[in-house]
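Chains as they are written, first to last, in our numbering: chain W, 3 to 119; chain G, 4 to 197. Glycine is no exception: its CB is placed at the ideal position from the N, C-alpha and C atoms. Read the structure below first, then the notes.
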Amino acid sequence: MFLINCPYCGEREQVEFNCGGEAHIVRPKNPPDLSDDQWADYLFMRKNIKGVQFERWNHSNGCRRWFNVVRNTATDEILKIYNMGETAPNINGDDPKTPSGEPNIGSGNISSTFEKK
Amino acid sequence: MNLLRENTIKSLKNNKIENHLGIKIQEICFINKINLRINPENLEYMKACSKILNTILPTKPNTFVKNGNLKIIWLSPDEWLITNDIDNDNLFAKLRNEVGDLEASVTDISENRTIVRISGEKIYKLLSKFLVLDLEKNLPTKSTCAQTLFVKVPILLLRNHSDNQLPEVDLFLIKSHANYVYNLIVDGTENLDF
Numbered sequence: 003m004f005l006i007n008c009p010y011c012g013e014r015e016q017v018e019f020n021c022g023g024e025a026h027i028v029r030p031k032n033p034p035d036l037s038d039d040q041w042a043d044y045l046f047m048r049k050n051i052k053g054v055q056f057e058r059w060n061h062s063n064g065c066r067r068w069f070n071v072v073r074n075t076a077t078d079e080i081l082k083i084y085n086m087g088e089t090a091p092n093i094n095g096d097d098p099k100t101p102s103g104e105p106n107i108g109s110g111n112i113s114s115t116f117e118k119k
Numbered sequence: 004m005n006l007l008r009e010n011t012i013k014s015l016k017n018n019k020i021e022n023h024l025g026i027k028i029q030e031i032c033f034i035n036k037i038n039l040r041i042n043p044e045n046l047e048y049m050k051a052c053s054k055i056l057n058t059i060l061p062t063k064p065n066t067f068v069k070n071g072n073l074k075i076i077w078l079s080p081d082e083w084l085i086t087n088d089i090d091n092d093n094l095f096a097k098l099r100n101e102v103g104d105l106e107a108s109v110t111d112i113s114e115n116r117t118i119v120r121i122s123g124e125k126i127y128k129l130l131s132k133f134l135v136l137d138l139e140k141n142l143p144t145k146s147t148c149a150q151t152l153f154v155k156v157p158i159l160l161l162r163n164h165s166d167n168q169l170p171e172v173d174l175f176l177i178k179s180h181a182n183y184v185y186n187l188i189v190d191g192t193e194n195l196d197f
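Printed below as a string of structure tokens:
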């Protein structure tokens, strides 16, 4: 549970909101020209980053408005909230802080973090 | 067969006011409600609506304005809920004629929700048992409102009182949730001395 600062209603609990998945996915201009793989990529493939992610959220039990959120999925820290239609802010997603200092790409992976050590 | 309109909460028939350990509960039924959606940037429509309603549409989030027996409640930047105790001038038809089916929508939602009015010194304590909302922050003054969740069901809260009056809050509930919320409130009136 965390607080989200709705652009209209102010700070509210997360239970009032729904996450609408990744933001800034643009519908291809010429769908008939795409291959099945490209179309499936547009429809289904979403990033699932442990770290800074750009998401769409809806204040479903409040003003029912959509807006964009930049959230660190490891710590639920909200870095920025901006309106629909705005361009993505330039927020550096490198090395997000994790609660107990574990590597940010998952402890099961052999990562550059381990190799450095 | 009885075809008369009935209120939703059975034990609160005939505008009965129940008193549960200092918390008064009353159902306010048969209030006309109109849902109005227009683009707030379209000043022509905004003016037309204000003229019919005799007051401006509130554009400040989570507030409502009261004009006689009319209340206009902010729901979202382009959506308002208009409640009207006595519909003697056929407000719905007037609004519909004026802005009706253009870039606006006027919908009669009278039967969608019912209103439960609770009053008493400790209603904020009572509500805080069920809400995740920060009541001090979200209902700070008279004529403020907030939409949130009451345990699991969506609810609209209206603050009717100013700071020196006895607290009184209207809960707008979807009719099928009304008994659930009422039972919880009655249960919650116990143990309010924390």
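For residue i, count neighbouring Cβ atoms within 10 angstroms of its own Cβ and tell me buried if that reaches 16, exposed if not.
i             : result
residue 37/W  : exposed
residue 192/G : buried
residue 30/G  : buried
residue 20/G  : exposed
residue 155/G : exposed
residue 59/W  : buried
residue 21/W  : exposed
residue 13/G  : exposed
residue 149/G : buried
residue 152/G : buried
residue 7/W   : exposed
Does the distance from the C-beta atom of residue i to that of residue j stay below 9 Å?
i             : j             : result
residue 86/G  : residue 73/G  : yes
residue 93/W  : residue 54/W  : yes
residue 41/G  : residue 81/G  : yes
residue 138/G : residue 159/G : no
residue 185/G : residue 28/G  : yes
residue 94/G  : residue 55/G  : yes
residue 144/G : residue 165/G : yes
residue 79/G  : residue 10/W  : yes
residue 198/G : residue 6/G   : Outside the modelled stretch of chain G, which goes from 4 to 197, sits residue 198/G, for which no answer is possible.
Just grab the DSSP bridge partners of residue i for me.
i            : result
residue 84/W : 70/W
residue 20/W : 60/W
residue 79/G : 82/G
residue 64/G : Bridge partners of residue 64/G: none, in fact.
List the whole-angstrom C-beta distance separating residue i from residue j, where the pair is believed to meet the contact cut-off of C-beta under 8 Å.
i             : j             : result
residue 110/G : residue 181/G : Not really, about 20 Å apart at Cβ, beyond 8 Å.
residue 36/G  : residue 146/G : Actually they are not in contact, since the Cβ atoms of residue 36/G and residue 146/G sit about 18 Å apart, beyond 8 Å.
residue 83/G  : residue 60/G  : 6 Å
residue 121/G : residue 172/G : 6 Å
residue 195/G : residue 130/G : Between residue 130/G and residue 195/G the Cβ distance is about 11 Å, and since that is not below 8 Å, they are no contact.
Is any beta-carbon of chain A found at less than 9 Å from that of residue i?
i            : result
residue 78/G : Absence of chain A from the displayed structure is noted, the protein chains being W and G.
Listed in chain order, which residues of the region 55-81 of chain W have Cβ atoms closer than 8 Å to some Cβ of chain G? For the region 55-81 of chain W, the beta-carbon criterion of a distance under 8 Å to any beta-carbon of chain G is satisfied by 63, 64, 65, 66 and 67.
The region 131-154 of chain G: positions lying closer than 8 Å to chain W by Cβ: For the region 131-154 of chain G, the residues whose beta carbon sits under 8 Å from a beta carbon of chain W are, in order, 135, 136, 137, 140, 141, 149, 150, 151 and 152.
Residues in the region 15-45 of chain W with C-beta within 7 Å of chain G's C-beta atoms, listed in sequence order? The residues in question are 15, 17 and 18.
Tell me which residues of the region 49-74 of chain G have at least one Cβ-Cβ distance to chain W shorter than 7 Å, keeping chain order. Cβ contacts with chain W: 64 and 65.
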